[in-house]
Amino acid sequence: MNKNWWRKSAENIPNIVIRPPGPKSLKMHKNTTRYFRGLSSQVKLFPVSFEEGHGISLTDVDGNRYLDFSSGIYVTSLGHCHPKISEAVSKWANKLMNCHDFTTPVKEKLVEKLAGILPGNLNGIQFYSDGASAVEAGIRAARAITGKQEFISCFRDFHGKSMGAVSLAQMLRGDVFSYGPTRAPGFYMVPRPNPYRPTFAKADGSIDTDGYIDFYKEFIQEATVGNVSAFILEPAQGWGGSIFPPDDFFPKLRKLCDENNILLFSDEVLAGMGRTGEWLCLDNWNTIPDIVTFGKSFGNGFPVTAMVVKEEYADALDLISASSSYGGNPMACAAALASIEVIEEEDLLENVRTVGKWFLKRMKKMQEEHPIIGDIKGKGFLLGIELVKDKQTKEPFNEAGKLVYQKAFTKGLAWIPAGHILRMSPPLIMDEKFAAMGMDIIEESITEVEKEFGY
Ligand SMILES: Cc1ncc(COP(=O)(O)O)c(C=O)c1O
């Protein structure tokens with residue numbers, strides 16, 4: 000497969016022919032939302048209707064063409080409609096769509112491939128069809144492996160919307176109705192390191208990783224019944240705003256888990272499969288989890304997710320059964336297998352590392368030049384820009400976040416809002432030319448918003 004397959008469709012993007020959201024988009028949105036309710040803020044703030052995607056470009060129903068900095072929502076990471084992946088799915092769509100959890104040739108190849116790319120001996124595998132189901136399977140697996148019941152997770156992490164996953168996360172999210180009234184018994188939450196806004200800081204104000212670890216030790220002793228099965232967290236926060244911990248955090252957390260006989264469960268649904276330039280985001284810190292979940296990029300848009308445990312724990316998976324209606328169906332396995340092969344064949348981990356460094360340099364320069372950019376964050380193609388009203392007080396600038404999102408979208412950049420933190424998740428195939436194009440649009444929008452607010 001020619002790795003430039005997407006370039007032709009990227010010519011002349013962005014191309015805005017009518018101010019978006021245009022009349023056709025708005026009419027379609029109105030007709031749809033007459034019945035389909037509960038849309039995300041990504042859509043509510045910019046109700047455009049799409050009809051085509053190819054590579055790094057998206058086309059709306061009014062004929063506007065956008066540069067994609069969202070990959071759906073961290074999903075179509077190898078570009079929309081990658082020919083190799085579409086072909087693999089359509090082959091099985093015409094051959095065998097579902098046969099429960101029986102083995103198929105494509106499942107055989109996928110498990111061998113997946114076990115081959117993962118570090119250590121992460122090779123006890125189950126497949127599901129959404130991220131939350133994989134996380135639920137991880138919770139069940141942790142209990143089956145350890146015989147223990149309690150879980151510790153982190154403030155502002157997100158793990159999905161099933162009840163177990165909801166118990167691991169914030170119960171009241173912005174304008175979303177509280178999932179409460181309480182989380183399930185035995186589920187606890189603790190703060191996690193955010194270098195820009197540390198809960199535990201040294202005398203000079205810099206983040207104190209040991210402060211977190213010491214707090215966790217005390218928390219385990221004082222707040223739990225000594226029955227903690229797993230510490231589950233996102234390796235880098237996605238929904239929380241592309242927030243990465245300091246480099247010494249995960250090695251220290253791994254040690255804490257080992258000392259306390261607690262499993263380390265890395266939910267890599269968003270950050271895994273190449274997004275940070277490594278197969279696992281935890282590879283950035285040479286840390287191997289006991290349980291890991293994959294989703295989103297795993298099938299490049301086809302609903303397929305995975306939960307994987309270390310070999311020594313794999314027997315426990317027999318206790319929780321891999322049976323599900325759709326998990327691991329042949330089309331899903333074909334999508335995931337082709338996606339991994341594409342990352343290898345197109346050398347995308349290297350591309351993400353190289354262009355990722357370029358992104359950080361550009362964002363750093365923007366931070367220096369713009370009064371409302373308080374912080375920049377990222378590794379590879381998991382990126383964020385934090386907007387503040389004042390660099391000293393660090394007061395979040397939500398109004399600016401919303402406006403910058405809308406302005407950039409109007410100029411032809413499809414992307415993801417997260418309150419005052421602008422999130423970028425470009426397809427991993429993107430090169431510097433298009434990365435610069437997207438960042439120019441963002442910077443132009445930030446400049447306009449600064450002017451509007453009198454900076
Ligand atoms: C880290 C993480 N885990 C789990 C999920 C849930 O995935 P899904 O929406 O496929 O259920 C998400 C979704 O955003 C996520 O970001």
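Quick note, the sequence shown lines up with residues 0 to 454 if you use numbering that gives the first Met the number 0. Cβ atoms here follow ideal geometry from the backbone N, Cα and C, with glycine treated the same way.
Residue i in three-state terms, based on DSSP
{"i": "R155", "result": "coil"}
{"i": "L262", "result": "strand"}
{"i": "H419", "result": "strand"}
{"i": "V291", "result": "strand"}
{"i": "D129", "result": "coil"}
{"i": "R33", "result": "coil"}
{"i": "T181", "result": "coil"}
{"i": "I15", "result": "coil"}
{"i": "R6", "result": "coil"}
{"i": "R274", "result": "coil"}
{"i": "N120", "result": "coil"}
{"i": "L255", "result": "helix"}
{"i": "L171", "result": "coil"}
{"i": "D247", "result": "coil"}
{"i": "D439", "result": "helix"}
{"i": "Y454", "result": "coil"}
{"i": "P46", "result": "coil"}
{"i": "N1", "result": "coil"}
{"i": "E325", "result": "The sequence as given places Tyr at residue 325; Glu does not occur at that position. DSSP places Y325 in coil when its eight states are reduced to three."}
{"i": "T145", "result": "helix"}
{"i": "G457", "result": "As displayed, the chain neither begins before 0 nor continues past 454, which places residue 457 out of reach and without an answer."}
{"i": "S460", "result": "Past the boundaries of the shown model lies residue 460; the chain is included only from 0 to 454, so the question cannot be answered."}
{"i": "M27", "result": "helix"}
{"i": "I428", "result": "coil"}
{"i": "P20", "result": "coil"}
{"i": "K477", "result": "Residue 477 falls outside the range modelled here, since the chain spans only 0 to 454, and no answer is possible."}
{"i": "E267", "result": "coil"}
{"i": "L279", "result": "coil"}
{"i": "W414", "result": "coil"}
{"i": "L38", "result": "coil"}
{"i": "T286", "result": "coil"}
Bridge partners - residue i, DSSP secondary structure assignment
{"i": "Y187", "result": "I151"}
{"i": "D100", "result": "C98"}
{"i": "H53", "result": "S56"}
{"i": "H81", "result": "Looking at the DSSP assignment, H81 forms no beta bridge with any residue, so it has no partner."}
{"i": "T304", "result": "Y127"}
{"i": "K309", "result": "L121"}
{"i": "I242", "result": "Q236"}
{"i": "L316", "result": "The partner list for L316 (beta bridge, DSSP) is empty, contrary to what the question assumes."}
{"i": "R139", "result": "Beta-bridge pairing links R139 to no other residue."}
{"i": "Y65", "result": "L57"}
Cβ separation of residue i and residue j, assumed to be a contact under 8 Å, to the nearest whole Å
{"i": "N63", "j": "N14", "result": "7 Å"}
{"i": "I116", "j": "W278", "result": "5 Å"}
{"i": "R182", "j": "S166", "result": "4 Å"}
{"i": "L121", "j": "I261", "result": "Actually they do not touch by this definition, with Cβ atoms about 17 Å apart."}
{"i": "D100", "j": "T304", "result": "At roughly 15 Å, the Cβ-Cβ gap does not stay under 8 Å, so D100 and T304 are not in contact."}
{"i": "V105", "j": "P302", "result": "Their Cβ separation, rounded to whole angstroms, is 16 Å, which puts V105 and P302 out of contact at 8 Å."}
{"i": "T208", "j": "K254", "result": "Rounded, the Cβ-Cβ distance is 12 Å, inconsistent with contact."}
{"i": "G437", "j": "F157", "result": "Rounded, the Cβ-Cβ distance is 24 Å, inconsistent with contact."}
{"i": "A235", "j": "T275", "result": "7 Å"}
{"i": "F358", "j": "L382", "result": "6 Å"}
{"i": "L269", "j": "L347", "result": "Incorrect: roughly 17 Å between the Cβ atoms, too far for contact."}
{"i": "E385", "j": "Y73", "result": "With 8 Å as the limit, E385 and Y73 do not qualify as a contact, their Cβ atoms being about 18 Å apart."}
{"i": "M272", "j": "F297", "result": "5 Å"}
{"i": "G54", "j": "A9", "result": "6 Å"}
{"i": "K540", "j": "N226", "result": "Because the chain is modelled from 0 through 454, residue 540 falls outside the range shown and cannot be assessed."}
Cβ-heavy atom distance, residue i to ligand 3, below 6 Å
{"i": "F157", "result": "No copy of ligand 3 appears in this structure; the ligands present are ligand 1."}
- In chain order, each beta strand (DSSP E) run of at least 3 residues that lies wholly inside the region 330-412: 372-378 and 381-386
- Inside the region 184-240 only - alpha helix (DSSP H) runs reaching at least 4 residues: 208-222
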